[in-house]
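Protein chains in written order, with numbering that gives the first Met the number 0: chain A, 0 to 343; chain B, 0 to 343; chain C, 0 to 343; chain D, 0 to 343.
Structure record follows, encoded as structure tokens.
Protein chains: 4
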Amino acid sequence: MLIVMDHAASEDEIQRVVAAVEQMGLKAEPIPGGSRTAIGVLNNQGRVDDTLIRDLPGVRDIIHVSKPYKLVTRDFHPASTVVQVGDLSVGDGHPPVIMAGPCSVESEEQMLAAARAVKASGAHILRGGAFKPRTGPHSFQGLGKEGLVYLRAAGDAVGMPVITEVMRISQLDLVCRYTDILQIGARNMQNFDLLKEVGRLDVPVLLKRGMSATIEEFLAAAEYLLAEGNGRVILCERGIRTFERATRNTLDLSVVPIIRNLSHLPIIVDPSHATGQRPLVPVMGKAALVAGAHGLMIEVHPNPEKALCDGAQSLTPEGFDQLMNDIGRLMHYLNDEVSPAVNR
Amino acid sequence: MLIVMDHAASEDEIQRVVAAVEQMGLKAEPIPGGSRTAIGVLNNQGRVDDTLIRDLPGVRDIIHVSKPYKLVTRDFHPASTVVQVGDLSVGDGHPPVIMAGPCSVESEEQMLAAARAVKASGAHILRGGAFKPRTGPHSFQGLGKEGLVYLRAAGDAVGMPVITEVMRISQLDLVCRYTDILQIGARNMQNFDLLKEVGRLDVPVLLKRGMSATIEEFLAAAEYLLAEGNGRVILCERGIRTFERATRNTLDLSVVPIIRNLSHLPIIVDPSHATGQRPLVPVMGKAALVAGAHGLMIEVHPNPEKALCDGAQSLTPEGFDQLMNDIGRLMHYLNDEVSPAVNR
Amino acid sequence: MLIVMDHAASEDEIQRVVAAVEQMGLKAEPIPGGSRTAIGVLNNQGRVDDTLIRDLPGVRDIIHVSKPYKLVTRDFHPASTVVQVGDLSVGDGHPPVIMAGPCSVESEEQMLAAARAVKASGAHILRGGAFKPRTGPHSFQGLGKEGLVYLRAAGDAVGMPVITEVMRISQLDLVCRYTDILQIGARNMQNFDLLKEVGRLDVPVLLKRGMSATIEEFLAAAEYLLAEGNGRVILCERGIRTFERATRNTLDLSVVPIIRNLSHLPIIVDPSHATGQRPLVPVMGKAALVAGAHGLMIEVHPNPEKALCDGAQSLTPEGFDQLMNDIGRLMHYLNDEVSPAVNR
Amino acid sequence: MLIVMDHAASEDEIQRVVAAVEQMGLKAEPIPGGSRTAIGVLNNQGRVDDTLIRDLPGVRDIIHVSKPYKLVTRDFHPASTVVQVGDLSVGDGHPPVIMAGPCSVESEEQMLAAARAVKASGAHILRGGAFKPRTGPHSFQGLGKEGLVYLRAAGDAVGMPVITEVMRISQLDLVCRYTDILQIGARNMQNFDLLKEVGRLDVPVLLKRGMSATIEEFLAAAEYLLAEGNGRVILCERGIRTFERATRNTLDLSVVPIIRNLSHLPIIVDPSHATGQRPLVPVMGKAALVAGAHGLMIEVHPNPEKALCDGAQSLTPEGFDQLMNDIGRLMHYLNDEVSPAVNR
């Protein structure tokens, strides 16, 4: 921790801060600079509580070097985590995992048609929402339990594990009976009570980045899961909110190599929600893999023009098949990269 | 709804869109413009579902004129809503309501000292958090039920109604036993399941704007409460996330007159969380009242330098007392304004 | 300056950084923390050039405590600057200065009508644009020299100093012949060559904050003017770009007390460009004065519905007169504030 | 254009708007909707001036369908533009063009070493800044004319065309004597006077996207160049400003397929400025090519640790050589893509 003093701070004020730091059992090291003095704090274990210091006279600013997370970093867990979902491995050293399916489960037939299509093209995990977070209360909110039944049945019919979103703690038991991976959506990334409960389960979790979450906050949210004991966490970038409105959100691909460097957790990318536009999904999906993503989550609907939700960003089965062809060929390139996304 | 066609859209493509709109039982009116044709959709009730249209060939863009909310607007409810909290009235035609107290309940003594101080200075409602949403899991998370007991006791001791945050559905019964107003925090503004449950209760609610919520999303979240039957809603602006980091968030005061114009619900402002800096709190609080806010939420701590949470933005009892003095005098000015915030 | 080392940095890597700092003639002080070591750099004069250090092995991050400006701060110039414009004084201890007039000069009659109206209501400085920066080349670009002539004539007719924007260095001579204050617009805040030229003149300057400029960048831009010798600088907040589109920009009023605290330069607010909506202009203008602004810049047009530019945000003469009445009464309140915007 | 009326607008108010539109020689078509009436405006040529309408009673909002640009779109120029720089072709159907070199020219030796290195690795165009826009006035501002001389000499020595930034109109003659492509930097994207002057020249231009420019504003800025007659324009994405600070800017790769679809102009990407971090440059550069970029601009410095500017984001010659190897192999993949970035 670094305590930055005012330009005009007196020697007395500096000494008072030093004394306060030492009362906390830590060491303080004044660092006179060009126009002001800073005071380094030494020997701390983790983030220092600055409540006793920040209001002392002459203190201008406090800069924390320690971060609000620890378990998710490579500092304390250098080896990459590979999350197992049945036989599938998600993470470093494994081919990218493709999760595909409709935004929301609409009927038994729709889910089965979607499952057969994405399986045939080579997807690994089937997605489908039964509980839908919608901006306004007057929009379609999902089929609920019925949707879970259809999703599971479709996954079993084609032999694919499934993923679906959970929105509230009281749904956890129900959803866990039907899904292989729990998805925590962007709007719930800081629903800390939900994170804690999911952290106590032994089930893989996909945690989506909040629309306006910094990387620091994203990792701190994942830390809630690990702190409760659940280390089977897959992160997911899905676009952030910026001033640009030409896309639904701004896909922030730089987050992929950054997080792969900072954290041992795998990270995938959802280009469907990020862009909100079908023609952008394949191209941004492939760019995400080149950026180092461990997988993709792609919306595919057997009849996008009849989708009850997010049809405009869903690929057709044909479009998805083309994408999977491209990905197959792109892998040849990626396997021999000279300067890969992350030094391994 | 307006359907914008490609510059190169053919007459056939235009006719196909017109036919699709008419199949939905609506009227379509082509509007040839300078470089492209647009098609107006008539006779709709509320927002039109565009799934059958957006993928037709030649369609470039769809512009919705209807909004994802209705009950919160003055269109359908022209008179201003005044929310009653016991004897207190929050809303148009009533003096601004001041909610004050510590960020989190820390002890019986702390709450009582805070309650006495803010009551003496003229605050109307006592605030204090028992359940705290914190970015990382290693920070103080609140006293829980014990905190509710202390908050209630302090409120009763000085004769003030109290407000506290609820973070999860399973806490609702407990929290309702102790509080007069339920607060839904910024991170939960789109926790739609929580909104629905609170919408079924007959208790006043303070709904904070999400850190990156547009005004449209903010009102759509309030619509969830009204759609379930709870119209006792107070909105609260608390700063949005922008590129500027000199303040914790960017206080967006323009939202106050905009929402007073669009909606019949009262709106207050929280300058403590918005700025994150004690010296800015009084000045921005007063600016908020001039902007037309129906009240303020202010963090006050008997000993800010010992606060377990957000001490850097808490006023001292003395600072709060000065602010209340200023507000009293500012009211003389506001009561005689020539060009008030909103045309009434 | 603080150099943050990797968690896994070796003692050798730390010593190599220390040696590099000492080669620069500075002192290095290792500060071992909970999970990593930081190295404080001492005895520097101003911002340290970190090029020799940032690439050394084991270095994770470098935190600069010194800022890219100095002359604009109270650290080196504690007394508030009052900018003189003829007889008018802009800054601490003087009544707020109101600059008013149309967005762009359209004709001799329009300018004269505007000048008479704003003068009658009590404005101090007449504004009007002769050179207009417009997003697209197909919009009205201003009357140029003719506009300057009308502006000056109107100002002289009613006895008001005038302000107008300069967009390029080659216009400087011409514009200076007609104006009392040079305005540098938001889009030119980082047109450093223009800043340097204006910095060499002895004429008051109004520098508008760039749409996406941080406070640090805003002050660094002003530093360009002061560094060349021109200290007659008035800063102007006019809204920043955020995700919210309900207003043209997001008016960031917290910047007013922050800058008054950091800098000795006066700061005014332009609520017309910030909000883009006539009904919001008076209310946000008054809020700005309560936030501590040293003045306002307000668009007023004799016939807003016929304005060639920004009519939707221009006040009518009647609306402006009401605002000036309110401001007059608000001053009674502000003169006796208990807890003013800035501790003086 | 669509005029949205208030929910409570009377039939009289609607008729008054219709009459105003017809007075402008256009047709008006009322479109009654669910909760309000909208009025479509027909037969306009380009963007309609709404000044006579927006202030009429009952008008709530005006939605423009026409954009502030025209010449840059495929609507009026369907075929892709290929910009010639000597023998080099930049645009559709040609291999990506790699521009590489140091951020700023520092000496004859440095430029020559850089030129030899990037040429040896296969770069096509040599970059180097002689005039540098810097946030604060106390930073290195470039060598000026001397820098131009070194840049040109180095380009000639190795047989590469060169690109350098121009910051002011009065430098145009000088810079044009030394460079093959004029670069207009992000801070000058809306320096409209500079754009107009450059638009009158017959020289290729690289126009960088402003830090907070929407795609609409970016294309409108390019429109200034085309409107004056210079159609040899290459666009360049270089990151936008968002709340995320883990990278210098947020690289917005979705802009590449969007602009390739909307506009006939080529677009390249600068991952060095966007990320600000050396380890991210190669990975984001390759992702940009997969996203459809027509080229890259990469900072390469013979000794990054001694760079006077932006050393932290400069590749070493070795790192650049690895990247070029990867790009060579990536091209095999891209040439056979099944679902390319843009439908051609």
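The beta carbon of each residue, even a glycine, is placed where N, CA and C say it ideally should be.
query                                                                                                                              : result
Sub-8 Å separation of residue 229(D) and residue 275(D) beta-carbons                                                               : no
DSSP state of residue 270(C) mapped onto helix, strand, coil                                                                       : helix
Run of the beta strand (DSSP E) containing residue 83(A), from where it starts to where it stops                                   : 82 to 84
Option nearest residue 238(A) by Cα separation, candidates 191(A), 259(A) and 296(A)                                               : 296(A)
Neighbour-count burial assignment, residue 11(B), 16 or more Cβ in a 10 Å radius                                                   : exposed
Classification of residue 145(B) by the beta-carbon crowding that lies within 10 angstroms, buried from 16 upward                  : exposed
Same chain, Cβ closer than 6 Å to residue 179(C), neighbours up to 5 away in sequence not counted                                  : 84, 160 and 161
Close-in-space but distant-in-sequence residues of the same chain around residue 185(D) (CB under 7 Å, 5 per side omitted)         : 207, 208, 209, 210 and 237
Cβ-Cβ distance between residue 30(B) and residue 39(D) below 8 Å                                                                   : yes
Stretch-stretch touch, CB-based, cutoff 8 Å, three pairs: the stretch 299 to 310 of chain A with the stretch 256 to 265 of chain A : no
CB contact below 8 Å: residue 5(B) versus chain A                                                                                  : no
is_contact[residue 12(D), chain A] using C-beta, thresh 8 Å                                                                        : no
Beta-carbon proximity check, residue 104(D) vs residue 110(D), cutoff 8 Å                                                          : yes
Three-way DSSP call (helix, strand, coil) for residue 210(A) in this model                                                         : coil
Helix, strand or coil at residue 166(B) according to DSSP, with G and I counted as helix                                           : coil
Distance between residue 34(C) and residue 220(C) (C-alpha atoms, nearest Å)                                                       : 38 Å
Assigned secondary structure, residue 100(D) (DSSP; H/G/I helix, E/B strand, else coil)                                            : strand
Selection of the stretch 23 to 57 of chain A by Cβ proximity to chain B, strictly under 9 Å                                        : 45, 46, 48, 49, 50, 51, 52, 53, 54 and 55
Residue of 243(A), 126(A), 280(A) and 115(A) minimising C-alpha distance to residue 99(A)                                          : 126(A)
Where residue 192(D) meets chain C, residues with beta-carbon distance less than 7 Å                                               : 166 and 167
Unbroken stretches of the beta strand (DSSP E), 3 residues or longer, contained in the stretch 275 to 325 of chain D               : 294 to 298
Any C-beta of chain C under 8 Å from that of residue 145(D)                                                                        : no
Alpha-carbon to alpha-carbon, residue 74(A) and residue 248(D)                                                                     : 26 Å
Interface flag, residue 74(B) vs chain D, CB-CB below 8 Å                                                                          : yes
Cutoff 8 Å: residue 343(D) Cβ touching any chain B Cβ                                                                              : The pLDDT assigned to residue 343(D) is 38, lower than 50, so where the model puts this residue is not dependable, and the model offers no usable value.
DSSP state of residue 151(A) mapped onto helix, strand, coil                                                                       : helix
Top-ranked residue by Cα proximity to residue 324(A), from 21(D), 333(D), 328(D) and 47(D)                                         : 333(D)
Backbone secondary structure at residue 146(B) - three-state DSSP                                                                  : helix
Closest by C-alpha distance to residue 292(B), when choosing among 107(B), 164(B), 24(B) and 252(B)                                : 252(B)
Euclidean distance between Cα positions of residue 225(B) and residue 133(A)                                                       : 16 Å
Extent of the continuous alpha helix (DSSP H) run through residue 256(B)                                                           : 254 to 261
8 Å Cβ cutoff, residue 242(D) in contact with chain B                                                                              : yes
Reduced DSSP secondary structure (H/G/I, E/B, other) of residue 243(D)                                                             : coil
Environment of residue 272(D) [buried if 16+ CB atoms lie within 10 Å]                                                             : buried
Continuous beta strand (DSSP E) stretch holding residue 16(D): start and end                                                       : Unbroken run through residue 16(D) is the alpha helix (DSSP H), 10 to 22; no beta strand (DSSP E).
Separation of residue 108(B) from residue 23(A), as counted between CA atoms                                                       : 24 Å
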